[in-house]
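Have a look at the structure below before the remarks.
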Amino acid sequence: MFDRRSVSRTVNRALPLRALRGAAAADSGGPADHPPIVMSTGTGPVQTNFYAAELYANLHPGVMPAGTNDPNRRPSVARPRPVLLFPGWVQSAYGTFSMMADQLQADGACVYTLQTAQQYAPLPIWQSGDPFAYADTMQRAVAQVRAVTGARQVDVVAFSQAITIGLYYVKFLGGHQDVNTFVAYSGTPHGFDAFGLIGAAEALTGRTLAPLYGLIPPLRGYDPGGPMVTKLYDSVGPTVPEVQYVAMNNAVTRIVPDGGELPPAANVRNIRTTDLCPAAFSSHLGYPYDPYALRVLRNVLDPANSVEPVCRLVLPQLPF
């Protein structure tokens, strides 16, 4: 059985949120004793690749990207919306967003991020368990950041499995009112497919292998035919008209079915960065450290100060 309380509990101390705890619980519709969102202010140096960042994060549990979660930083007229970065299953926020957070802040954005507590300490497994609990955590985090900053809306960048969960939050938990732009960054809007191996095995055997997901704690409830994905892709699809959606991926990522694209709509942009720069073919875990992709992301979030990305060679960060 999943423990929603432990999944929603996040690490370390940070924002002066004492006055916000009751408000956050009320905003989420949850009980007053629901664990409050706590985002660490302990920060580490900027890294330039995933593996160095993840190693540092594992040696310094709870560390966050430099400059994030600063309650003294306020949105400006030029950048009125804070940016929330949500890491995927298992990954740490620092390991995923160390470089991205630094660049977004250089553009003038207020940047926030979080991660849930390690459920299998000392193993480096962060977000794991019930995806519906993580969606609730997203809802409360957005409410909290809006309260701290005074912003009416936020922009969200979700990585990997956080994309499906973020889409669920926006569609079903009121996020359509609070999120202006939702960026699905190297993601899994259709669920996790283990590089196509599970789908191929099902096609060969004629049997569903969905029970395998239940044997791997970080993937429980996250198969393409699972309850969250099924509900998300109902008759009207995973998006809502009030929010602008951008799905970014490249041709190298094979961790998800259907290339990580969202269904076409007037408010949806699907960007495959290898179509724009074939030399930048970073892998899934390396995508948050791909300079070309990051420049595209920065242009998406700050179109008034758009800069033409420089296309140069970016090699995959193995194994995926």
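Per this note's numbering, residue 33 is the first one in the sequence shown, and the count goes up by one each step.
Glycine included, every Cβ here is placed at the ideal spot set by N, Cα and C.
No experiment lies behind these values; they were computed from the predicted model shown.
{"Query": "Under a Cβ-count criterion, where at least 16 other Cβ atoms within 10 Å of its own Cβ denotes burial, should V275 be classed as buried or exposed?", "Result": "buried"}
{"Query": "With respect to the beta strand (DSSP E) encompassing R304, which residues constitute its N-terminal and C-terminal limits?", "Result": "V300 to R304"}
{"Query": "Got a sec, what are the start and stop residues for the beta strand (DSSP E) F191 sits in?", "Result": "V186 to S192"}
{"Query": "State yes or no: is the C-beta of G198 within less than 8 Å of the C-beta of F118?", "Result": "yes"}
{"Query": "Name the residue from D210, F129 and R113 whose alpha carbon lies nearest to the alpha carbon of G120.", "Result": "F129"}
{"Query": "To the nearest angstrom, how far is the alpha carbon of A189 from that of A216?", "Result": "Just to set this straight, residue 189 is Val in the shown sequence, not Ala. Each residue's Cα considered, the two are about 6 Å apart."}
{"Query": "Between the Cα of C142 and the Cα atoms of Y126, V122 and R178, which residue gives the shortest distance?", "Result": "R178"}
{"Query": "Check whether the Cβ of A312 sits closer than 7 Å to any heavy atom of the ligand GTP, and report yes or no.", "Result": "This structure does not include the ligand GTP; it has no bound ligands of any sort."}
{"Query": "Verify whether the separation of the beta carbon atoms of A279 and N302 is less than 8 Å.", "Result": "yes"}
{"Query": "Along the chain, where does the alpha helix (DSSP H) containing Q438 start, and where does it finish?", "Result": "The first residue shown for the chain is 33 and the last is 352, placing residue 438 beyond what the model contains."}
{"Query": "Taking the straight line between their C-alpha atoms, what separation do you get for V272 and R184?", "Result": "18 Å"}
{"Query": "If you draw a straight line from the alpha carbon of G219 to that of L347, how long is it in whole angstroms?", "Result": "19 Å"}
{"Query": "Does the Cβ-Cβ distance between A98 and T75 come in under 8 Å?", "Result": "yes"}
{"Query": "According to DSSP, is G292 part of a helix, a strand, or is it coil?", "Result": "helix"}
{"Query": "Report back the beta-carbon spacing between Y144 and T100 to the nearest angstrom; my notes put them in contact at under 8 Å.", "Result": "6 Å"}
{"Query": "Please report the residue range of the beta strand (DSSP E) in which Y277 lies.", "Result": "Q276 to N281"}
{"Query": "Where does F204 fall in DSSP's three states?", "Result": "helix"}
{"Query": "Based on DSSP bridge pairs, tell me the residues matched to A312.", "Result": "V346"}
{"Query": "Just verifying my parser: in three-state terms, what is the DSSP assignment at M96?", "Result": "strand"}
{"Query": "Rounded to whole angstroms, what is the Cα-Cα separation between G206 and A297?", "Result": "20 Å"}
{"Query": "Take the Cβ of D307 as the centre, count every other Cβ of all protein chains shown within 10 Å, and call the residue buried at 16 or more, exposed below.", "Result": "exposed"}
{"Query": "Any idea what DSSP makes of L116, helix, strand or coil?", "Result": "strand"}
{"Query": "For S108, name the three-state secondary structure that DSSP assigns.", "Result": "coil"}
{"Query": "Among the residues of its own chain, which have a CB less than 6 Å from the CB of C309, if the five just before and after it don't count?", "Result": "Y324 and C343"}
{"Query": "On the DSSP letters alone, give me the boundaries of the alpha helix (DSSP H) that Y319 sits inside.", "Result": "Taken as a continuous stretch (DSSP letters only), Y319 belongs to no alpha helix (DSSP H), as it is neither H nor E."}
{"Query": "Which residue wins for smallest C-alpha separation from V95, given the options D187, L264, V174 and S124?", "Result": "S124"}
{"Query": "Can you tell me whether G140 is buried or exposed? The criterion is at least 16 other CB atoms within 10 Å of its CB, across all chains shown.", "Result": "exposed"}
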